[in-house]
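There are 2 protein chains.
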Amino acid sequence: MKVLNKETDYAVRSLISLGMKPEGWVSAKVISEEQSIPYQFLRRILQELIRNGLVLSKEGAGGGVKLGKEPDEIGVTDVIEIFQGKVQVSECMFRKKICSNRANCVLRHEIMRIERLVNQEFSKVTIGKLIADLKAVESMRSQQTKQPD
Amino acid sequence: MKVLNKETDYAVRSLISLGMKPEGWVSAKVISEEQSIPYQFLRRILQELIRNGLVLSKEGAGGGVKLGKEPDEIGVTDVIEIFQGKVQVSECMFRKKICSNRANCVLRHEIMRIERLVNQEFSKVTIGKLIADLKAVESMRSQQTKQPD
DNA sequence: TTAACTGATACTAAATTGGTATCAGAAAAA
DNA sequence: TTTTTCTGATACCAATTTAGTATCAGTTAA
Ligand code: FES
Ligand code: FES
Chain A
2 MKVLNKETDY AVRSLISLGM KPEGWVSAKV ISEEQSIPYQ FLRRILQELI
52 RNGLVLSKEG AGGGVKLGKE PDEIGVTDVI EIFQGKVQVS ECMFRKKICS
102 NRANCVLRHE IMRIERLVNQ EFSKVTIGKL IADLKAVESM RSQQTKQPD
Chain B
2 MKVLNKETDY AVRSLISLGM KPEGWVSAKV ISEEQSIPYQ FLRRILQELI
52 RNGLVLSKEG AGGGVKLGKE PDEIGVTDVI EIFQGKVQVS ECMFRKKICS
102 NRANCVLRHE IMRIERLVNQ EFSKVTIGKL IADLKAVESM RSQQTKQPD
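Going line by line, the protein sequences match chains A and B. Just so we're aligned, residue 2 is where the first sequence starts under our numbering, counting upward by one. Just so we're aligned, residue 2 is where the second sequence starts under our numbering, counting upward by one.
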């Protein structure tokens, strides 16, 4: 069971990529090459991110995209919601015979508790946090390579 | 984003159904009608549950299936794993360029933490617990209906 | 005026999902 | 002993989703 699909995956990676760039517009082509994401696929993904305000765009030569929000304000949940819809465990797991009153159904509460939990955890993981973690790893790694093995 | 698919959904409902039956073998036909699950589809699902030891079966007239374990020993995770594979957030979210050392990758840790969490939460929800909750709801409901509104 | 961009959208192959159909064999019951 | 009720195994199917491609139009900078 794969929770994140390619669109979400590529989107998050693009956002990280953009968040690590100093300033100015970055073209889809550059991101595509940098992250080995199929160009046309990426284009479509970026357009979706643009429509949802996560990134801004500028047309024409010298144009491209850049983050539309602070890295810390973009949670993985936001991206998931755009490409995969709201996380929901099950439409309604025990309908009909078994579960007659949806309103105050204990089972449903159980399910929805997990849903909330998953959402919470995913929103904690922001693009900003991912970038910070990444940089930490990078510096650790460069420290390591100074020591020959 | 639907976390549980029909197979898992139907499987859990069948298991609950079996767990609430007193004793003896229950035929697929009965479960199918009781839970409004397409018969042939259910057959395939039950066979999978049988292969995985969650339910036992007996061939021939008067045969059928019954739980192969205590209701409390069957977690929803077990069912998910059978029909949808192990919960994994993403194969490896930041490969290639971005993430060069998988071994001690902080991001990967982050992702895997969520994976563990989701798994934990789902294993807490056992068939036994679901049945107990259901019975609680049922009795609450019958209490309510004694009071006219 | 041309090259480097995005906007919009149509198309496709392959995989997955949800469901159906069939045939064989076991056991109980008639 | 034949028929009925059941599971075992497996092949098939249509619809949807996923991942990716292709095209054309319009914008901006050089
Ligand atoms: S689970 Fe759907 S109403 Fe109880
Ligand atoms: S996320 Fe895959 S190695 Fe870091």
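Glycine included, every Cβ here is placed at the ideal spot set by N, Cα and C. Note that this is a predicted model, so its numbers are computed, not measured.
Helix, strand or coil: which one does DSSP assign to A/V66?
The residue labelled residue 66 of chain A in the question sits at position 65 within the first sequence. The answer is strand: DSSP assigns A/V66 an E or B state.
Exercise for review: Answer with yes or no whether the minimum CB distance from B/L16 to chain A is below 8 Å.
Suggested key: Residue mapping note: residue 16 of chain B aligns to position 15 of the second sequence, counting from 1. Not an interface residue.
Query raised in the report: What is the DSSP secondary structure of A/V119, counted as helix, strand or coil?
Result: The sequence position of residue 119 of chain A within the first sequence is 118, counting from 1. Looking at A/V119 - three-state DSSP - the assignment turns out to be helix.
Can you tell me whether DSSP reads A/K3 as helix, strand or coil? Here residue 3 of chain A refers to the residue found at position 2 of the first sequence. Reduced to three states, the DSSP call for A/K3 is strand.
Going by the DSSP bridge assignment, what does A/Q89 pair with across the sheet? Taking the first sequence and counting its residues from 1, the one referred to as residue 89 of chain A is at position 88. Answer is B/K3.
Q. Candidates B/K3, B/F84 and B/W26: which alpha carbon is nearest B/N53's?
A. The sequence position of residue 53 of chain B within the second sequence is 52, counting from 1. Minimum Cα distance to B/N53 is reached at B/F84.
Kindly identify the DSSP beta-bridge partner or partners of A/L57. Walking along the first sequence from the start, residue 57 of chain A turns up at place 56. BP columns for A/L57 point to A/K67.
**Request:** Can you tell me which of the three DSSP states B/V13 falls into?
**Result:** Reading the second sequence from its first residue, position 12 is the one you call residue 13 of chain B. If DSSP states are grouped into helix, strand and coil, B/V13 belongs with the helices.
Outcome for A/R14 when other beta-carbon atoms lying within 10 angstroms are tallied against a minimum of 16
Numbered from 1 along the first sequence, position 13 holds the residue referred to as residue 14 of chain A. That one is buried.
Item to check | C-alpha distance - B/K59 paired with B/R45, whole-angstrom precision | outcome: For the purposes of this step, residue 59 of chain B is taken as the residue at position 58 of the second sequence. For the purposes of this step, residue 45 of chain B is taken as the residue at position 44 of the second sequence. Near 15 Å, if we compare the C-alpha coordinates of B/R45 and B/K59.
* Which residues DSSP lists as bridging B/E27, in chain order -> Taking the first residue of the second sequence as 1, we reach residue 27 of chain B at position 26. According to the sequence displayed, residue 27 of chain B carries Val and not Glu. Bridge partners of B/V27: B/V66.
Excluding sequence positions up to five away, which residues of its chain have a Cβ less than 7 Å from the Cβ of B/V56? Against the second sequence, residue 56 of chain B aligns to sequence position 55. Excluding positions up to five away in sequence, the list reads L19, L47, L50, V66, K67, L68 and G69.
Margin query: Please report the straight-line C-alpha distance between B/I99 and A/Q36, rounded to a whole angstrom.
Written below: For the purposes of this step, residue 99 of chain B is identified with residue 98 of the second sequence, where counting begins at 1. For the purposes of this step, residue 36 of chain A is identified with residue 35 of the first sequence, where counting begins at 1. At B/I99, the pLDDT of 47 sits below 50, so the modelled position is not reliable and the matter cannot be decided from this model.
Using a Cβ-Cβ cut-off of 8 Å, state whether B/M2 counts as contacting chain A.
On the second sequence, residue 2 of chain B is found 1 positions in, with the first residue counted as 1. Yes, B/M2 lies at the interface with chain A (some Cβ there is under 8 Å from its Cβ).
Exercise. Roughly how many whole angstroms lie between the Cα atoms of A/W26 and A/G63?
Worked result: Position 25 of the first sequence, counted from the first residue, corresponds to residue 26 of chain A. Position 62 of the first sequence, counted from the first residue, corresponds to residue 63 of chain A. So the two alpha carbons sit approximately 7 Å from each other.
| message | Strictly under 8 Å for the Cβ-Cβ distance: is B/E122 near chain A by that measure? | response | Counting from one through the second sequence, the residue named residue 122 of chain B turns up at place 121. Yes, B/E122 counts as interfacial toward chain A.
* To do: Please classify B/D79: is it buried, with 16 or more other beta-carbons within 10 angstroms of its beta-carbon, or exposed?
  => Stepping through the second sequence from its first residue, residue 79 of chain B is reached at position 78. B/D79 is buried by the Cβ-count criterion.
field: Cβ-based neighbour list, B/E116, same chain, cut-off 7 Å, excluding 5 preceding and 5 following
entry: By one-based count along the second sequence, residue 116 of chain B stands at place 115. Answer for B/E116: V88, Q89 and V90, listed in chain order.
- Closest Cβ-Cβ distance between A/I81 and chain B: below 8 Å? On the first sequence, position 80 is the one that residue 81 of chain A refers to. Chain B, which has a Cβ nearer than 8 Å to the Cβ of A/I81, makes this yes.
Looking only at its own chain, which residues have a Cβ that is under 7 Å from the Cβ of A/G76, when we skip the five neighbours before and after it? Taking the first sequence and counting its residues from 1, one reaches residue 76 of chain A at position 75. Result list for A/G76: F123, S124, V126 and T127, in chain order.
Distance between B/G61 and B/M141 (C-alpha atoms, nearest Å) = Residue numbering aside, residue 141 of chain B sits at position 140 when the second sequence is read from its first letter. Residue numbering aside, residue 61 of chain B sits at position 60 when the second sequence is read from its first letter. Answer to the nearest angstrom: the Cα atoms are 40 Å apart.
What residue from B/N120, B/I38, B/G86 and B/R114 has the CA that sits closest to B/A12's CA? For the purposes of this step, residue 12 of chain B is identified with residue 11 of the second sequence, where counting begins at 1. Looking at the Cα atoms, B/I38 is the closest of the given residues.
Quiz item: Is the CB of B/L57 under 8 Å away from at least one CB in chain A?
Solution: Looking up residue 57 of chain B in the second sequence gives position 56. No, no contact with chain A.
Whether A/L131 touches A/I32 by CB criterion (8 Å): Here residue 131 of chain A refers to the residue found at position 130 when the first sequence is read from its first residue. Here residue 32 of chain A refers to the residue found at position 31 when the first sequence is read from its first residue. No.
(message) Tell me the rounded alpha-carbon separation between A/E139 and A/V4.
(response) In the first sequence, the residue the question calls residue 139 of chain A occupies position 138. In the first sequence, the residue the question calls residue 4 of chain A occupies position 3. Taking the straight line joining both Cα atoms gives about 27 Å.
If you count every other CB in all the chains shown that lies within 10 Å of the CB of B/D10, and 16 or more means buried, which is it? Counting from one through the second sequence, the residue named residue 10 of chain B turns up at place 9. Buried.
If the cut is a Cβ gap below 7 Å, which residues of chain A does B/W30 touch? Within the second sequence, the letter at position 29 stands for residue 30 of chain B. According to the sequence as given, residue 30 of chain B is Lys; it is not Trp. Correct list: empty, because the minimum Cβ distance to chain A is about 15 Å.
Mind pulling the chain A residues with CB within less than 7 Å of B/V90?
-> As a position in the second sequence, residue 90 of chain B is number 89, starting the count at 1. Those within 7 Å of B/V90 in chain A are V4 and L5.
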